[in-house]
Amino acid sequence: MKPAAFDYHAPESVDEALELLADEAVESRVLAGGQSLVPMMNFRLAVPEALVDLRRIEELRYLRIGADGALEVGARTTQAELLRDPAVTTGWPLLHDGVTHIGHPQVRSRGTVCGSLAHHDPHGELPALALALGATITVAGPAGRRQIAAEDFFVSFYEVALEPGELVVEARFPAPPAGSGWSFREIARRHGDFALVGVACLVTPAQTRLVVFGAAERPLLLADPSEVAAAVRPLDDLHASAEYRRQVAVLLAGEALAEARERADG
Amino acid sequence: MSTIGVSVPRVEDERLLRGEGRFLDDLRLEGALEVAFLRSPHAHAKIGAIDAAAALALPGVVAVIDGRETAAALEPMVFDIAKIVPETVREATAPQVRVHPMPALPAERVTYVGQPVVMVVAESRYLAEDAVDLVAVEFEPLPAVVDAERALEPGAPLVEPDWEDNEAISFSFERGDVDAAFAAAAVVVEESFRSHRQHPSPIETRGVAAGVDPQDGSLAVWSSTQTPHLLQDFLARWLHRDPERIRVRAPDVGGAFGVKHSCYPEDLLIPFAALRLGRAVKWAEDRAEHLAAATQGRDQLHRIAIAADSEGRILAVRDSAVMNAGAFNLLGLVVPYNTFTHLLGPYDVGALGFEMRVAVTNTVPTAPYRGAGRPEAVFAIERAIDRLARQLGADPADVRARNLIGPEQMPYETGIVYRDGSDQVYDSGDYPELLRRACELVQRERFEATASERRRIGVGYAIYTEGTGVGPFETARVRIEPSGTVKVFTGASSQGQGHRTTLAQVAAEALGVAVGDVEVVGGDSAAVPSGFGTLASRTLVVAGNAVSEAAAAVRAQALEVAAGMLAAAAYELEVEDGVISVRGRPDATLPLGAVAGFLTPFNPARPRGAPPELAAESVYRPGPVTWAAGVHVAVVAVDLPTGVVEVLRFVIAHDCGRVVNPAIADGQIVGGVMQGIGGALHEEIVYDESGQLRSGNFMDYMLPTAGEAPEFELVHLDTPSPLNPLGVKGLGEGGAIGPPAAIAGAVEDALADLGVVVHRGPLGPSRVRDLIASAASAASP
Ligand SMILES: Cc1cc2nc3c(=O)[nH]c(=O)nc-3n(C[C@H](O)[C@H](O)[C@H](O)COP(=O)(O)OP(=O)(O)OC[C@H]3O[C@@H](n4cnc5c(N)ncnc54)[C@H](O)[C@@H]3O)c2cc1C
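So this is what it looks like as structure tokens:
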């Protein structure tokens, strides 16, 4: 479990990073917290020729409330930093609660918010949270910056709408309107495991955003629990049968919606 | 003041907690090469051409060694223990045992995924792994068999082509009139229960390093082994060297649980490479290798039946078991026979019919894993007793109580021959009292208050006995230094059990010194001339009594010399806190160290003919095993719609005889229970039908974490063993024996009204939902 040889770059700006990623002759990978990429390299499932580490890019190290009240998370911000911020706890309780389910403190103090989005494990919490909260992902590339809605970002297992040479620089989570309610539920084999299946739900005065994850190749945004059984395409693996995931997805969706509505009223 | 029975803080902890432990992979041997193995990707295949040219061409690669090369130099491996069958065991159970030797590297055929095929030696592990990717091996896949039951069917693919079938072991036993008991029974229950395969998974994986001493050509080996002396002996025989010219050391070892007891191909191959290349060579196993290639445990299926009268008294038990040995029958009867001798546990049962068949399969070999055949036996019998209780509509604790051997029946002869060839006799214990104490602590009502239609509460029990402290022997040497420090050398090294503390307590007690003045040295074949090692819940019994005897002998020696120095008679002397004094003469005192100093050859005043040091050695040979016992009670909550099982409380009533260090004893038990909880709920080694390992990393092989720990309640009942001077019994494995049965029983209890029967674990949420669904469909016609 030793990685194959690779070149290592630690650029100090986004532009420098993009320049490195633009070199088509070299197969480069972005390294953020390394909590998924490094194990994959150790198993030699990923064999990049070069790593472009974001650790020195200070301009990406932020967690702030933007002019429109949205939470802006730079690509260097770790999951632990997000959890420590009191503004997140009060303004984005769904995000806060969901992220506490990711791994363990050791993992969260290295793993980044944007890294989890770019990595897109469909059993992971952050893609589902981004979708439930209507997040926008900002990516930078050779042709400049563009914004991708969470609905369009997650494509399939470990696949997102990033073009070669592009980098996620920020995730923006709009502030849930006043009077919103939320709920987050997941079933995992042990504390801190990826979810067998889970649900993130946001109910605002204007809409219901019900997201089921761990039940298809990407998180699914649905309007009502009655749609869950037909929409899911769950895996059958060592940890749970497809039928289990389907049934529990339906159950959790109903419970989460009820809880979110209750919180919205209260 | 006695130092035995006191929770002295573990002396080993400060170093370890500061990160100053030095484990195998921390060794920095000058110029050491590192090793990676090409391991078989097939469960069963013929080995064709091996092309290592590209690997050898890689700068930094020093050697590529395959089975055709080692075949000439290294005899295939066989362990004596696989072939030893005492005459009395032969008479009682007529065992058929077949062993086929295991090549260090196979030349012709691979028989399990993960088997080492080619060894690459390079300047670093990184390079070695790069080179492994460049070695081309032609494999011609052969049909594989994974499952033990399937392997025993006619026409199954043969794991060993020289055999006509895959049966490695069979034995059977009958006592009393089993058929008559079943015919006369008011109630009969019969079920199949499976103990699924698990991996011991210590925090530290295996590792071996070896080098040749440039001064004298002797071989120095470091290994994260449980048994340095056994490895020394094994290497001496397989490398054709005098054992005196091989020194084996186990540095700090981070857990073992049986997985570091066997000698492995790698244990032989690393020293072989060091000798061949004349350079130090090191191999530190990684986690993927460990899960794929270190020995695994459990994997038994029992078809068990109980005949009982209408009161629930058990008249007879009939059990037919099948065990999966993996690709090699490494250790013969050790595990399956343990299962047999522990099946009836604490119960007084008139008639027993037992048969066991062990199959070889195309999976990694199995070997003792904490409990070594006992958890499997306990899972079968305790689950069956739960079924009996359910059938009778009786409380499962009451049914157990009705069948327990009473303290007045001690010593109790089971009528079975133990694995060492002696009659199996429970030496001491009070099982009804253990059960009573455990039941008192359960607090069922407290949890039932949290129950609902959705959240079900259940309670489950497991009672077991455990034969502990097997021989053949252990050696201890105790020496008092002129500084007053007491050195204790033992053959039983530690993998984290706290021997440096408990053995120090034993020595301190026997000598009359402070525990802090005792230093325990183990894990070195040079520390004592012979030794056995730490396994099978034996160290405190065998090594502990050896230390105690050696320390007592040193004390007697010290008093004899001191008597002369103090002009008193030896019987007038006493030792306290390392100081000898004469009764009634408060000014006449002498530190023990001064006696040792007096004896040094540098002292011109020393008596003629006196020994040059204050030291003694003892080789303690225990008699038959001494019997520990425990009662485990699990309280669980089952969430009906999601199938999530939560262990809320775990009660343990335990009897390991005289307890030397209560805190360490509790730690051993709780650690074992956590491993048992892992097996009950989370951990399972899974092979697919073609023999590919599906649970080869820690995302798929799920060890429990602190987050999965329930609240624990422990109570000790100390019935000292009459079989050894210290009165101790072993306890290392006990914790792991009961949980799978207790938790399965608790889950079944929680879901009793649904008619759920738990035949196997682990009880992950998906399996629990399946159980509920199949019970529901069985109930509705
Ligand atoms: C023991 C353990 C338990 C875990 N449990 C969970 C869990 O329960 N739930 C969960 O969701 N996750 C879990 N994880 C994964 C963890 O959350 C990872 O941190 C996360 O998936 C990836 O984030 P990272 O910053 O570590 O990214 P890295 O590992 O550095 O990168 C992951 C992938 O994303 C790409 N990438 C990263 N950042 C960017 C970027 N800014 N732009 C473009 N591409 C980028 C990388 O190139 C790589 O392909 C666990 C990890 C471990 C080790």
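For the protein sequence lines, the chains are A and B, in the order given. Counting along the first sequence from 1, when you hit position 226 you're at 226 in our numbering, and nothing is skipped either side. Counting along the second sequence from 1, when you hit position 615 you're at 881 in our numbering, and nothing is skipped either side. Using N, Cα and C, we set each Cβ at its ideal position, and we do this for glycine too.
Where residue i meets chain B, residues with beta-carbon distance less than 8 Å
| i | result |
| --- | --- |
| residue 191 of chain A | 971, 973, 974 |
| residue 183 of chain A | None at all; the shortest Cβ gap to chain B is about 15 Å. |
| residue 101 of chain A | Result: empty, since nearest Cβ-Cβ is about 12 Å, beyond 8 Å. |
| residue 83 of chain A | Result: empty, since nearest Cβ-Cβ is about 17 Å, beyond 8 Å. |
| residue 196 of chain A | 1031, 1032 |
Backbone CA spacing between residue i and residue j [nearest angstrom]
| i | j | result |
| --- | --- | --- |
| residue 796 of chain B | residue 741 of chain B | 6 Å |
| residue 110 of chain A | residue 469 of chain B | 22 Å |
| residue 347 of chain B | residue 1032 of chain B | 41 Å |
| residue 786 of chain B | residue 616 of chain B | 47 Å |
| residue 752 of chain B | residue 269 of chain B | 15 Å |
| residue 49 of chain A | residue 343 of chain B | 42 Å |
| residue 321 of chain B | residue 960 of chain B | 29 Å |
| residue 77 of chain A | residue 246 of chain A | 34 Å |
| residue 668 of chain B | residue 497 of chain B | 47 Å |
| residue 197 of chain A | residue 1035 of chain B | 14 Å |
| residue 235 of chain A | residue 250 of chain A | 15 Å |
| residue 870 of chain B | residue 834 of chain B | 22 Å |
| residue 717 of chain B | residue 1008 of chain B | 19 Å |
| residue 64 of chain A | residue 977 of chain B | 41 Å |
| residue 582 of chain B | residue 671 of chain B | 15 Å |
| residue 793 of chain B | residue 916 of chain B | 40 Å |
| residue 838 of chain B | residue 848 of chain B | 6 Å |
| residue 211 of chain A | residue 310 of chain B | 45 Å |
| residue 663 of chain B | residue 577 of chain B | 13 Å |
Beta strand (DSSP E) segment containing residue i, residue limits
| i | result |
| --- | --- |
| residue 207 of chain A | Careful: residue 207 of chain A lies outside any beta strand (DSSP E) and carries neither H nor E. |
| residue 441 of chain B | 433-441 |
| residue 461 of chain B | 453-464 |
| residue 255 of chain A | Segment 242-265 is the alpha helix (DSSP H) holding residue 255 of chain A; no beta strand (DSSP E) there. |
| residue 235 of chain A | Where residue 235 of chain A is concerned, there is no enclosing beta strand (DSSP E), given that its DSSP letter is neither H nor E. |
Neighbouring residues, chain A, relative to residue i (Cβ below 7 Å)
| i | result |
| --- | --- |
| residue 932 of chain B | Near residue 932 of chain B there are no residues of chain A at all, since even the closest Cβ is about 24 Å away, more than 7 Å. |
| residue 910 of chain B | 187 |
| residue 968 of chain B | 189, 190 |
Residue i, enclosing alpha helix (DSSP H) - first and last residue
| i | result |
| --- | --- |
| residue 1032 of chain B | 1031-1045 |
| residue 147 of chain A | Note, residue 147 of chain A: premise wrong, no alpha helix (DSSP H); beta strand (DSSP E) at 144-149. |
| residue 349 of chain B | 346-349 |
| residue 283 of chain B | 279-283 |
| residue 392 of chain B | 391-400 |
| residue 415 of chain B | 414-417 |
| residue 707 of chain B | No alpha helix (DSSP H) holds residue 707 of chain B; DSSP gives it neither H nor E. |
Chain A contact residues for residue i, given Cβ-Cβ distances below 8 Å
| i | result |
| --- | --- |
| residue 1026 of chain B | Chain A residues near residue 1026 of chain B: none, gap ~15 Å exceeds 8 Å. |
| residue 961 of chain B | 238 |
| residue 310 of chain B | None at all; the shortest Cβ gap to chain A is about 23 Å. |
| residue 554 of chain B | 1, 43 |
Per-residue contacts from residue i into chain B (C-beta, under 7 Å)
| i | result |
| --- | --- |
| residue 248 of chain A | 908 |
Proximal residues of chain B, C-beta to C-beta of residue i below 9 Å
| i | result |
| --- | --- |
| residue 257 of chain A | Result: empty, since nearest Cβ-Cβ is about 15 Å, beyond 9 Å. |
| residue 4 of chain A | 392, 395, 396, 399 |
Cβ-heavy atom distance, residue i to ligand 2, below 7 Å
| i | result |
| --- | --- |
| residue 323 of chain B | You won't find ligand 2 in this model; what it holds is ligand 1. |
- Query: Is it true that the segment 437-457 of chain B meets the segment 563-575 of chain B, where meeting means three or more beta-carbon pairs spaced less than 8 Å apart?
  - Reply: Result yes; three or more Cβ-Cβ pairs closer than 8 Å.
- Query: For the segment 651-687 of chain B, which segments carrying the beta strand (DSSP E) assignment without a break, of at least 3 residues, lie completely within its bounds, in sequence order?
  - Reply: Qualifying beta strand (DSSP E) stretches, in chain order: 678-683.
- Tell me the start and end of each unbroken alpha helix (DSSP H) in the segment 575-657 of chain B that is at least 4 residues and wholly inside, in chain order. 600-607, all fully within the segment 575-657 of chain B.
- Length-filtered (3 minimum) beta strand (DSSP E) runs lying within the segment 493-562 of chain B: Restricting attention to beta strand (DSSP E) runs no shorter than 3 residues, the segment 493-562 of chain B encloses them at 512-515, 547-550, ordered along the chain.
- Message: Does the structure place the segment 476-496 of chain B close enough to the segment 789-803 of chain B that three or more beta carbon pairs sit under 8 Å?
- Response: A contact exists between the segment 789-803 of chain B and the segment 476-496 of chain B.
- For the segment 599-606 of chain B against the segment 349-362 of chain B, are there 3 or more C-beta pairs whose distance is under 8 Å? Segments in contact, yes.
- Query: For the segment 964-1005 of chain B, which segments carrying the beta strand (DSSP E) assignment without a break, of at least 3 residues, lie completely within its bounds, in sequence order?
  - Reply: Whole beta strand (DSSP E) segments, 3+ residues: 977-982.
- Query: At a cut of 8 Å, does the segment 152-159 of chain A reach the segment 112-129 of chain A through at least three beta carbon pairs?
  - Reply: The segment 152-159 of chain A is in contact with the segment 112-129 of chain A.
- Message: Using a Cβ distance threshold of 8 Å, determine whether the segment 879-887 of chain B contacts the segment 971-986 of chain B, with at least three qualifying pairs required.
- Response: The segment 879-887 of chain B and the segment 971-986 of chain B do not touch, with fewer than 3 CB-CB distances between them shorter than 8 Å.
- Message: What ranges does the beta strand (DSSP E) occupy inside the segment 39-81 of chain A, keeping only unbroken runs of at least 3 residues that lie completely in it?
- Response: If only uninterrupted beta strand (DSSP E) runs of at least 3 residues are considered, those enclosed by the segment 39-81 of chain A are 50-53, 63-65, 71-74.
- Decide yes or no for the touch test of the segment 276-291 of chain B against the segment 761-774 of chain B: beta carbon pairs closer than 8 Å, at least 3 of them. Cβ pair count under 8 Å is three or more, so yes.
- Message: Using a Cβ distance threshold of 8 Å, determine whether the segment 803-810 of chain B contacts the segment 990-997 of chain B, with at least three qualifying pairs required.
- Response: Of all C-beta pairs linking the segment 803-810 of chain B to the segment 990-997 of chain B, three or more are shorter than 8 Å, placing the two stretches in contact.
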